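Visitor: In the working numbering, the protein residues as written are 15 to 223. The beta-carbon is built from N, C-alpha and C at its ideal position, and this holds for glycine as well. In this text, all values refer to a predicted model and were calculated from it rather than measured experimentally.
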Ligand SMILES: [Zn+2]
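#1: Look at the alpha carbon of residue 74 and the alpha carbon of residue 222, and state the distance between them as a whole number of angstroms.
#2: With DSSP as the reference, identify every bridge partner of residue 149, one or two as the case may be.
#3: Quick one: is residue 129 buried, meaning 16 or more other Cβ sit within 10 Å of its Cβ, or exposed?
#4: Between residue 105 and residue 132, is the Cβ-Cβ spacing less than 8 Å?
#5: Is any heavy atom of ligand 1 found at a distance shorter than 7 Å from the C-beta of residue 146?
#6: What are the start and end residues of the alpha helix (DSSP H) that includes residue 161?
#7: Please indicate yes or no: does the CB of residue 15 lie closer than 7 Å to some heavy atom of ligand 1?
#8: Name the DSSP bridge partner or partners of residue 157?
#9: Note down, in chain order, each residue of its chain lying with its Cβ closer than 7 Å to the Cβ of residue 219, except the 5 sequence neighbours on either side.
#10: Output needed for residue 63: all residues of its chain with C-beta closer than 8 Å, excluding positions within five of it in sequence on either side, in chain order.
#11: Let me know if residue 191 comes out buried or exposed under the rule of 16 or more other beta-carbons within 10 Å of its beta-carbon.
#12: Spatial neighbours of residue 67 within its chain, please: CB distance less than 7 Å, with the 5 preceding and 5 following residues excluded, ordered by chain position.
#13: Taking the alpha-carbon positions, what's the residue 110 to residue 56 distance?
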């Protein structure tokens with residue numbers, strides 16, 4: 015997820031843009047300060063809407079093994095590099111239930127959610143502006159539960175319960191949608207969605223012209 019330039023996290027985003035790139039990698043917590051993570055994790059390519067691969071349903075991860083632990087620092091590095099606050103594996107063409115998030119202003123509190131399951135969502139919803147690393151330059155309002163409780167494995171394979179509200183709750187819901195093959199623009203009207211599709215396809219063509 016990309017934080018909105020209009021609401022909420024705009025200050026954090028501005029600060030982030032001004033920060034030197036290297037700081038994002040070196041402020042990872044101890045668990046990620048392994049040689050593989052410090053060794054400039056290779057960035058992954060983020061799929062762009064309307065790429066049909068964004069609609070694949072991700073499969074559960076059977077074991078949090080070295081293979082999975084090698085993907086996590088690459089996803090985090092890709093998210094930080096793109097100034098995102100969340101990235102689902104689906105967005106980097108890995109169709110497994112893995113999400114990385116960091117909604118902190120200092121960009122030093124990465125959260126890893128493996129096989130996330132929604133245990134509870136508040137009845138109260140709120141419409142907030144959302145953006146997405148797979149839908150560059152597009153922001154629009156989406157109704158989300160204001161609070162959620164999610165059970166997931168962390169990067170060590172330990173089961174954790176995360177209670178979230180505000181921006182983190184929105185980000186978790188947005189990223190969990192990705193794992194189900196859903197992009198936030200699908201909450202918008204068909205007319206708006208088609209406009210976005212056309213705009214992004216034009217931009218893509220211009221980039222390759
Ligand atoms: Zn997204």
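Guide: According to the data block:
#1: 35 Å
#2: DSSP, once it has assigned bridges, lists 146 as partnering residue 149.
#3: buried
#4: With respect to the 8 Å criterion, residue 105 and residue 132 are not classified as neighbours on the basis of their beta carbons.
#5: yes
#6: It is not in any alpha helix (DSSP H) - residue 161 instead sits in the beta strand (DSSP E) that spans 161-167.
#7: yes
#8: Paired residues: 141.
#9: Excluding five sequence positions before and after residue 219, none of the CB atoms of its chain fall closer than 7 Å to its own CB.
#10: 146, 148, 149, 197, 199, 210, 211 and 214
#11: buried
#12: 61 and 107
#13: 19 Å
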